[in-house]
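Down below is the structure, laid out as structure tokens.
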Amino acid sequence: MSAVSAARLALARHLLESERPAGPVPGVVVAIPARDEEARIDACLASLIAQRGIPAAHADVGIVLVANNCRDATAPRARHLLRKSGIPHRVLALDLPAGNANAGHARGLALDVAGLWAGQAGGRGILLTTDADTRVGPDWIARNIAALSGCCDAVAGRFVFDRREEAAWPPHLRRRRRLEGAYEHALAALSTCIDPLPEDPWPNHWTESGASFAVTLAAYRRIGGLPVVEVGEDRALAATLARHDIALRHDPGIVVTTSARFDGRADGGCASTLRLRAERDAVPADERLEPLPAALRRMVLRGRMRRAFAANCHPGTWERRLALPEGALGGRTGRSFGEAWATALAQSPLLVPEPLRPDRIADHLRDARRLRGALEGLSPGSEKIEAIVVGALPGKAPVAAAERADELVGGCVA
Numbered sequence: 001m002s003a004v005s006a007a008r009l010a011l012a013r014h015l016l017e018s019e020r021p022a023g024p025v026p027g028v029v030v031a032i033p034a035r036d037e038e039a040r041i042d043a044c045l046a047s048l049i050a051q052r053g054i055p056a057a058h059a060d061v062g063i064v065l066v067a068n069n070c071r072d073a074t075a076p077r078a079r080h081l082l083r084k085s086g087i088p089h090r091v092l093a094l095d096l097p098a099g100n101a102n103a104g105h106a107r108g109l110a111l112d113v114a115g116l117w118a119g120q121a122g123g124r125g126i127l128l129t130t131d132a133d134t135r136v137g138p139d140w141i142a143r144n145i146a147a148l149s150g151c152c153d154a155v156a157g158r159f160v161f162d163r164r165e166e167a168a169w170p171p172h173l174r175r176r177r178r179l180e181g182a183y184e185h186a187l188a189a190l191s192t193c194i195d196p197l198p199e200d201p202w203p204n205h206w207t208e209s210g211a212s213f214a215v216t217l218a219a220y221r222r223i224g225g226l227p228v229v230e231v232g233e234d235r236a237l238a239a240t241l242a243r244h245d246i247a248l249r250h251d252p253g254i255v256v257t258t259s260a261r262f263d264g265r266a267d268g269g270c271a272s273t274l275r276l277r278a279e280r281d282a283v284p285a286d287e288r289l290e291p292l293p294a295a296l297r298r299m300v301l302r303g304r305m306r307r308a309f310a311a312n313c314h315p316g317t318w319e320r321r322l323a324l325p326e327g328a329l330g331g332r333t334g335r336s337f338g339e340a341w342a343t344a345l346a347q348s349p350l351l352v353p354e355p356l357r358p359d360r361i362a363d364h365l366r367d368a369r370r371l372r373g374a375l376e377g378l379s380p381g382s383e384k385i386e387a388i389v390v391g392a393l394p395g396k397a398p399v400a401a402a403e404r405a406d407e408l409v410g411g412c413v414a
């Protein structure tokens, strides 16, 4: 745990001990960061108060809201509504120093308090997080608990934008949003065919947003809490879970509604991205939406490396294949795949994300759908799928997946 994480946890412990709300200690706690959200906090909390279908074993639910450097009535409004509801809660109004007055720190602090609180209940604690400008569905908690009862320890939901606010977007932004969503859906389907994960079967999605995330208390403790970043803490959380080989389910049935505004509270957050794309249509797509050949290369390499590590391969083989420095993967057998893949993503020149121009998304979407159709009915992860995928790459003819394996990897890179 970093010094910043340790200091954040110490503050969380102090905040937890400074106030002891009446009622049962909750084993399920929702953590919410907020800044100047008095116009939206009522709708957010009302959606949480209206939850239904929660299993009896997890009936005690609490809410932690960190009102971070607010200049409005966010905290008083939240306290008033939660007191009326009778739900155990902690509303923490804090003036954080400049270096910590950001969404990442506020969410991390809220989750740390939530984790300490849930830990007092004993049993299998569950932490959820959403945003103050988001409305969750009436079975949001129940669906997350159900997903966590399977073979995963974390669940990422997806979000849709508020329709009324989205309708005010420029037409080019609405069209781009639809195209990017369709292309992401197609890539997710291809990834499930090429590199299937038993804990995250199709249908799934690629969204990893603080608007809807859940994690078991045990998993949260194992990774040392939320990563310390000013923005993008949701994706950093997903990446850290993957590095620790903690199973993450991307559940398409868990959906929340979030603001489509351009004037957000976090620099570099969703609202800033929307505003930038509204003003500059040529801004490249999200780095996950690569040109199709690059995306397929990444999927094939990841699947091969995952299978090799499951077979306890020597890491040196993959250091050479991915043009990594000698010893980058530890040079020993027994290293986890998650840790090794994270190192490869950070250091391999073959895995640097390739930007995708917005005016090319439709072309790559068409090709992705065509390839997905060619894979229809085949067993996910099969050699036949890999042969078809590699054969679909530019300049390569289909060949047997078992033949010339190293050459195929080279073809994916070309």
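Just so we're aligned: 93 in the UniProt record's numbering is position 93 of the sequence shown, and the numbers increase by one with no gaps anywhere.
Using N, Cα and C, we set each Cβ at its ideal position, and we do this for glycine too.
Alpha-carbon spacing of residue i relative to residue j, whole angstroms
i: residue 281; j: residue 163; result: 21 Å
i: residue 323; j: residue 151; result: 34 Å
i: residue 407; j: residue 171; result: Residue placement at residue 407 is flagged as unreliable, the pLDDT there being 38, under the threshold of 50; a coordinate-derived value is accordingly withheld.
i: residue 229; j: residue 372; result: 36 Å
i: residue 196; j: residue 393; result: 20 Å
i: residue 49; j: residue 9; result: 27 Å
i: residue 419; j: residue 315; result: Nothing about residue 419 can be read from this structure; the chain reaches only from 1 to 414.
i: residue 366; j: residue 41; result: 41 Å
i: residue 291; j: residue 17; result: 51 Å
i: residue 245; j: residue 190; result: 21 Å
i: residue 253; j: residue 3; result: 38 Å
i: residue 56; j: residue 358; result: 48 Å
i: residue 211; j: residue 102; result: 16 Å
i: residue 263; j: residue 269; result: 10 Å
i: residue 52; j: residue 223; result: 30 Å
i: residue 148; j: residue 220; result: 13 Å
i: residue 98; j: residue 299; result: 40 Å
i: residue 44; j: residue 20; result: 24 Å
i: residue 257; j: residue 275; result: 19 Å
i: residue 178; j: residue 159; result: 14 Å
i: residue 143; j: residue 325; result: 44 Å
i: residue 243; j: residue 346; result: 12 Å
i: residue 140; j: residue 255; result: 8 Å
i: residue 85; j: residue 198; result: 39 Å
i: residue 54; j: residue 145; result: 8 Å
i: residue 15; j: residue 112; result: 10 Å
i: residue 203; j: residue 376; result: 14 Å
i: residue 157; j: residue 130; result: 10 Å
i: residue 305; j: residue 186; result: 23 Å
i: residue 297; j: residue 390; result: 8 Å
i: residue 352; j: residue 122; result: 43 Å
i: residue 251; j: residue 350; result: 30 Å
Residue i - partner residues in DSSP beta bridges
i: residue 94; result: 68
i: residue 213; result: 129 and 156
i: residue 32; result: 65
i: residue 89; result: 63
Neighbourhood of residue i by C-beta, 6 Å cutoff - its chain only, sequence neighbours within 5 removed
i: residue 66; result: 33, 92, 106, 109 and 110
i: residue 378; result: 384 and 385
i: residue 419; result: Absent from the structure is residue 419, since the part of the chain shown begins at 1 and ends at 414.
i: residue 236; result: 227 and 229
i: residue 82; result: 89
Where the beta strand (DSSP E) through residue i begins and ends
i: residue 124; result: No beta strand (DSSP E) contains residue 124, which DSSP labels as neither H nor E.
i: residue 311; result: Note, residue 311: premise wrong, no beta strand (DSSP E); not H, not E.
i: residue 389; result: Note, residue 389: premise wrong, no beta strand (DSSP E); alpha helix (DSSP H) at 383-392.
i: residue 254; result: 248-258
Neighbourhood of residue i by C-beta distance below 8 Å, restricted to the same chain and skipping five residues each side
i: residue 217; result: 115, 118, 119, 124, 125, 126 and 127
i: residue 36; result: 70, 71, 72, 74 and 265
i: residue 180; result: 285, 286, 289 and 361
i: residue 329; result: 315, 316, 318, 319, 335, 340, 343 and 344
i: residue 271; result: 259, 261, 262, 263, 264 and 265
i: residue 182; result: 365
i: residue 381; result: 193, 194, 195, 196 and 303
Beta-carbon proximity list for residue i, same chain, < 7 Å, skipping 5 on both sides
i: residue 277; result: 173, 176 and 283
i: residue 309; result: 337 and 340
i: residue 294; result: 354
i: residue 458; result: No statement about residue 458 is possible, as the shown extent of the chain runs from 1 to 414 and does not include it.
i: residue 234; result: 208, 209, 210 and 213
i: residue 5; result: 224, 225 and 228
i: residue 161; result: 258 and 260
i: residue 47; result: 135 and 136
Alpha helix (DSSP H) segment containing residue i, residue limits
i: residue 136; result: Counting along the chain, residue 136 falls outside any alpha helix (DSSP H), though it belongs to the beta strand (DSSP E) covering 134-136.
i: residue 163; result: 163-166
i: residue 270; result: 270-279
i: residue 44; result: 41-49
i: residue 343; result: 337-347
Neighbour flag for residue i against chain B, beta carbons, 9 Å
i: residue 5; result: Absence of chain B from the displayed structure is noted, only one protein chain being present.
Please determine if the region 367-386 and the region 203-216 are in contact, where contact requires at least 3 C-beta pairs separated by less than 8 Å.
With fewer than three CB-CB distances shorter than 8 Å, the region 367-386 does not count as touching the region 203-216.
Can at least three beta-carbon pairs, one atom from the region 57-64 and one from the region 23-40, be found at a separation below 8 Å?
In short, these stretches touch, since the Cβ pair count reaches three.
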